[in-house]
Amino acid sequence: MVKPKRPDGEPRATDFVESLDRGLRLLQAFGERSSPMTLSEIAALAGLPRATARRILFTLAHGGYVSSDGKSFAPTPHVLTLAGAYLRSNQIVAVLQPVLDEIAAAAQEISSLAVLDGDDVVFIARGSPTRMFSGGVDIGYRLPAFCTAVGRAMLGRLGDAELKVRLSAMKREALTPQTLTDPRRLLAAIIADRARGFSFVDREAEPHFRSIAVPVKRYDDTIAAAINIGAHVDRISTDEMTKRFLPLLREHAAQVTQKLV
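The sequence shown begins at 102 in my numbering and counts up by one.
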């Protein structure tokens with residue numbers, strides 16, 4: 102766990118609120134299941150004593166974040182206000198959402214925006230063509246960075262030495278038979294992607310799905326995010342990805358560089 106820091110960067114133990122940390126861990130535990138859970142199940146997933154989890158759950162219920170039928174607990178839609186605060190205040194989302202809509206309309210495919218969060222990527226916005234009904238990844242969806250096009254595009258912002266250490270340390274479980282997990286091969290792939298300015302991943306993160314992504318850079322040339330177009334392998338060929346979608350992604354990523362600070 103990262104220690105909290107004062108504005109001057111020096112850690113101070115009194116800045117850490119343990120009860121808040123436990124409450125956030127408990128809320129995150131709900132993401133492990135798609136159905137209501139008992140107190141014991143939630144406590145086990147959050148790594149908390151049962152009595153502690155009980156007090157936190159009742160506090161969250163008092164605030165409207167959790168509901169209960171007396172036996173099990175589930176998050177309420179009020180939890181989305183926490184995500185909404187991030188999305189409304191995030192400059193990258195504000196700048197890129199119209200861009201994603203333009204890309205989706207031009208490509209007639211879903212385009213998504215992702216950022217790095219530890220060793221994962223988190224999808225924080227997307228554009229969808231009107232003809233397509235709710236396909237692609239949802240906002241808030243997480244995937245390992247090492248085996249996704251958006252993840253490799255963003256990992257390219259690291260220097261070679263730092264990237265090598267990062268890849269060796271991260272968890273690299275194969276998600277499909279095609280997933281590349283060897284750290285030396287991953288290092289070579291990301292360095293090559295950095296040089297050519299885009300990443301292409303074919304069925305490594307999800308079966309039957311391929312994706313192409315480009316980094317999104319700030320005004321100072323630092324990589325802040327990545328945008329992609331992904332599609333089912335039976336519908337979109339590798340050739341179409343690189344010839345039709347790549348120029349579209351590059352053009353729109355270049356348009357926002359001076360807007361991101």
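Just so you know, even glycine gets a beta-carbon here, dropped at the ideal spot from N, CA and C.
DSSP-derived helix/strand/coil call for S135: Indexing the sequence shown from 1 puts residue 135 at position 34. Secondary structure of S135 (DSSP, three-state): coil.
Work out the CA separation of I337 and I324 for me, nearest whole Å. The count along the sequence shown starts at 1 and reaches residue 324 at position 223. The count along the sequence shown starts at 1 and reaches residue 337 at position 236. So the alpha carbons of these two residues sit roughly 27 Å apart.
Should A306 be labelled buried (16 or more other beta-carbon atoms within 10 Å of its own) or exposed? Within the sequence shown, numbered from 1, the residue matching residue 306 stands at position 205. Residue environment for A306: buried (at least 16 other C-beta atoms within 10 angstroms of its C-beta).
In terms of DSSP beta bridges, what is N191 paired with? Within the sequence shown, the letter at position 90 stands for residue 191. Its beta-bridge partners do not exist; DSSP assigns none.
Contact defined as beta carbons within less than 8 Å: I believe L128 pairs with V180. What is the distance between those atoms, to the nearest angstrom? Translated into positions along the sequence shown, residue 128 becomes position 27. Translated into positions along the sequence shown, residue 180 becomes position 79. Confirmed, Cβ separation roughly 7 Å.
For R123 versus L149, is the C-beta distance shorter than 7 Å? On the sequence shown, position 22 is the one that residue 123 refers to. On the sequence shown, position 48 is the one that residue 149 refers to. Cβ distance < 7 Å, so R123 and L149 count as in contact.
Taking all protein chains shown into account, do 16 or more other C-beta atoms lie within 10 angstroms of the C-beta of T249, making it buried, or fewer, making it exposed? Walking along the sequence shown from the start, residue 249 turns up at place 148. Buried, by the Cβ-count rule.
Quick check on the DSSP output: what are the complete beta strand (DSSP E) runs of length 3 or more inside the stretch 283 to 361, in order along the chain? 300 to 303, 310 to 318 and 324 to 333
I need the boundaries of the beta strand (DSSP E) containing L281, first residue and last residue. In the sequence shown, counting from the first residue as 1, residue 281 sits at position 180. Segment: none, L281 is in no beta strand (DSSP E) and carries neither H nor E.
Could you tell me the distance, in whole angstroms, from the CA atom of D303 to the CA atom of Q198? In the sequence shown, counting from the first residue as 1, residue 303 sits at position 202. In the sequence shown, counting from the first residue as 1, residue 198 sits at position 97. In a straight line, the C-alpha of D303 is about 25 Å away from that of Q198.
Using a Cβ-Cβ cutoff of less than 7 Å, which residues in the same chain neighbour V251 once the five nearest sequence positions on both sides are dropped? For the purposes of this step, residue 251 is taken as the residue at position 150 of the sequence shown. A215, V222, A314, A327 and N329, listed in sequence order.
Quick check on L183: buried or exposed, where buried means 16 or more other Cβ atoms within 10 Å of its Cβ? Residue 183 sits at position 82 when you count from the first residue of the sequence shown. Exposed, since its Cβ has fewer than 16 Cβ neighbours within 10 Å.
Could you tell me the distance, in whole angstroms, from the CA atom of G185 to the CA atom of R156? Sequence index remark: in the sequence shown, residue 185 carries index 84 (1-based). Sequence index remark: in the sequence shown, residue 156 carries index 55 (1-based). Near 26 Å, if we compare the C-alpha coordinates of R156 and G185.
When we look at the beta-carbon of P308 and count the other beta-carbons within 10 Å, is it buried (16 or more) or exposed? Reading the sequence shown from its first residue, position 207 is the one you call residue 308. Exposed, since its Cβ has fewer than 16 Cβ neighbours within 10 Å.
Below 8 Å on the Cβ atoms is my contact criterion, and I expect S300 with A254 to pass it. Report the Cβ-Cβ distance as a whole number of Å. Start at 1 with the first residue of the sequence shown, and residue 300 comes out as number 199. Start at 1 with the first residue of the sequence shown, and residue 254 comes out as number 153. Contact flag correct, Cβ pair sits at about 4 Å.
Cβ neighbour criterion (16 or more within 10 Å) applied to F117: To locate residue 117, count along the sequence shown from 1; it is residue 16. The residue is exposed, with fewer than 16 neighbouring Cβ atoms inside 10 Å.
For G171, three-class secondary structure by DSSP: Looking up residue 171 in the sequence shown gives position 70. Three-state result, G171: coil.
Return helix, strand or coil for I225, following the three-state DSSP convention. In the sequence shown, residue 225 corresponds to position 124, counting from 1. Three-state result, I225: strand.
Going straight from the alpha carbon of F234 to that of A145, what length do you get? Locating residue 234 in the sequence shown gives position 133, where the first residue counts as 1. Locating residue 145 in the sequence shown gives position 44, where the first residue counts as 1. The predicted model places F234 with a pLDDT of 49, which falls under 50 and marks its position as unreliable, so this point remains unresolved.
Look up V216 in the DSSP assignment and give the residues it is bridged to. For the purposes of this step, residue 216 is taken as residue 115 along the sequence shown, with counting starting at 1. V223.
Straight-line gap, A147 to E133 (C-alpha atoms, nearest Å): On the sequence shown, position 46 is the one that residue 147 refers to. On the sequence shown, position 32 is the one that residue 133 refers to. Going from the Cα of A147 to the Cα of E133 covers about 10 Å.
Euclidean distance between Cα positions of Q279 and P245: The residue labelled residue 279 in the question sits at position 178 within the sequence shown. The residue labelled residue 245 in the question sits at position 144 within the sequence shown. Each residue's Cα considered, the two are about 14 Å apart.
If you draw a straight line from the C-alpha of D239 to the C-alpha of A154, how long is it? Position 138 of the sequence shown, counting from 1, holds the residue named residue 239. Position 53 of the sequence shown, counting from 1, holds the residue named residue 154. Roughly 29 Å separates the two Cα atoms.
My assumption, with CB atoms under 8 Å, is that T358 sits in contact with R295. Please give the rounded CB distance. On the sequence shown, residue 358 is found 257 positions in, with the first residue counted as 1. On the sequence shown, residue 295 is found 194 positions in, with the first residue counted as 1. Their Cβ separation, rounded to whole angstroms, is 17 Å, which puts T358 and R295 out of contact at 8 Å.
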